[in-house]
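For reference, the structure is listed below as structure tokens.
Numbering (my numbering), first residue to last: 15 to 458.
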């Protein structure tokens, strides 16, 4: 039923009753001369076809009278072809029944039909009145609004894209989403796509068979297998190599993964939450990120505000971090000094500053802002001087990445005094991965 009244079907998620998220069914390309059609589906099922009795009426001779059923469900959208003459197609494949996520485009005859979240599904709404929420801390209006959006998603299994600068706490947001989901009792598996060696990305995500490649001394099920029945969090998904992206898209669409070295796919049930600090839509338009994958993972986005937009939360965060480090709290003058500082590295940088105070008994001196601040124009100018069109793209990119990695690691070791445990914590890296990285760079 479309726009038919105030009643709403509800789903139960961990004891809470939550409304389903509304969908918009929109004709984005139709047969010549056919008027556009669009409805919002708030409950139940919408019928798409050429008949005047359908919820979405498509004037296209290749569309059957009752062509397609679109049903709102907690896990996404249930699509059922109703025995149409010419079929319903997605990504070039004819479908009879599938569970999809918002953000897809179907082909019915000569017509393209978009299944999207309705605009009000991501509206700010009324924020929660909390000082903290599922491990996250914040009394600012920006964080309260974020908490409210996350709470509204409880019970849904839709894929979510978390946007935010480095150090804002995107993984905490992902964990909060998982905790309120219907798969909260299942595993939560976090993978940093930017911290995996290029040649190991596919096996890390999808697993591998023993002997599939040099060094594969035993079989591994991969991140999708480990997250089966729960949530897979792919941090920095914008760093995923282009050649792996179609494999990820297929895994999300089919619910199947094929480990490296095997031929038979395996079924997995995984709820995806991805995160990035990059402009993925811009990357998709530039051809460095697959557009179809972007629309698959980015149907619903949540933005995590940087610390400069929530400075009133600094005292709360600083006190909580200090207590986590075993301190009874922070003196008022220290809290005031922290609140006056700008933290380009967001909560991660604040955490390091508080940890340093707890360890040393005084706030460490910070370089003048002019000495450490680099804006986008500076970075673009520097890159423009070194980018060459007479070298292959991947070769140049890998060279620049390797140079950055070496510089970053050297500074990291200097700041941490050579303590690899502290260095891994500062960088947000797994200690074992940092060890392998240091060995590769010859820094041991």
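Yeah, the Cβ is synthetic: ideal placement off N, Cα and C, and Gly gets one too.
Predicted, not measured: the structure shown is a model, and the values here were computed from it.
The region 335-350 makes no contact with the region 161-173; the number of CB pairs closer than 8 Å stays below 3. Bounds of any beta strand (DSSP E) do not take in residue 155; it lies within the alpha helix (DSSP H) bounded by 155-166.
Going by DSSP, residue 100 is part of no alpha helix (DSSP H) at all; its letter is neither H nor E. Collapsing the DSSP output to three states places residue 110 in coil. Take residue 359, set aside five residues on each side of it, and the residues of its chain with a beta-carbon closer than 8 Å to its own are 180, 181, 366, in chain order. Between the region 233-246 and the region 279-291, the count of C-beta pairs closer than 8 Å reaches three or more; the two stretches touch. Cα atoms of residue 428 and residue 209: separation of roughly 20 Å, rounded to the nearest angstrom.
Shown here, residue 210 sits in coil according to DSSP, grouped into three states, outside any helix or strand. Between the C-alpha atoms of residue 215 and residue 450 there is a straight-line separation of about 15 Å.
In this structure, the alpha-carbon of residue 439 lies about 50 Å from that of residue 83.
Around the beta-carbon of residue 166, 16 or more other beta-carbon atoms lie within 10 Å, marking it buried. Non-local beta-carbon contacts of residue 332 in its own chain, meaning distances under 7 Å to residues more than five positions away in sequence, involve 344, 349, 352, 364, 368 in chain order. Relative to the Cα of residue 447, the nearest Cα in the group 430, 431, 423 belongs to 423.
For residue 192, the secondary structure class from DSSP, reduced to helix, strand or coil, is helix.
Sorting 280, 63, 152, 257 by C-alpha distance to the C-alpha of residue 303 places 257 at the top. Counting C-beta atoms within 10 angstroms of its own C-beta, residue 253 has 16 or more neighbours from the protein chains shown and is therefore classed as buried. Using a Cβ-Cβ distance cut-off of 8 Å, the region 197-205 and the region 305-315 are not in contact, since fewer than three pairs of beta carbons, one from each stretch, lie closer than that value. Residue environment: residue 237 is assigned as buried (16 or more neighbouring CB atoms within 10 Å of its CB, all protein chains considered). In the structure shown, residue 146 adopts extended strand secondary structure according to DSSP, grouped into three states.
Counting only residues of its own chain and dropping the five nearest sequence neighbours on each side, residue 371 has a CB closer than 8 Å to the CB of 336, 344, 348, 377, 378. When DSSP states are grouped into helix, strand and coil, residue 119 belongs to the strand group. Taking C-beta atoms under 8 Å as the contact rule, residue 249 and residue 289 qualify, at a distance of about 5 Å. Classified as buried, residue 69 has 16 or more neighbouring CB atoms from the shown chains inside 10 Å of its CB. Note that the C-beta distance between residue 261 and residue 220 is below 8 Å.
The DSSP assignment places 284-290, 315-317 as complete runs of the beta strand (DSSP E) inside the region 279-357, in order along the chain (cut-off: 3 residues). Taking a 10 Å sphere around the C-beta of residue 130, we find 16 or more other C-beta atoms and assign the residue as buried.
Only buried fits residue 205, as 16 or more other CB atoms lie within 10 angstroms of its CB. Rounded to whole angstroms, the gap between the alpha carbons of residue 53 and residue 306 is 23 Å. By the criterion of a C-beta distance shorter than 8 Å, residue 455 is surrounded in its chain by 419, 420, 423, once the five residues flanking it on both sides are discounted.
Straight-line spacing of the CA atoms in residue 117 and residue 128 works out to 7 Å. Straight-line spacing of the CA atoms in residue 148 and residue 325 works out to 20 Å. Judged by beta-carbon spacing, residue 126 lies beyond the 8 Å limit of residue 187, meaning their Cβ atoms are not closer than that value. Short of 6 Å from the beta carbon of residue 79, and not among the five residues preceding or following it, lie these beta carbons of its own chain, in chain order: 63, 64, 65. Bridge partners of residue 82 according to DSSP: 62, 95. In this structure, the straight-line span from the alpha carbon of residue 150 to that of residue 426 is close to 26 Å. In the displayed model, residue 365 falls within a helix according to three-state DSSP.
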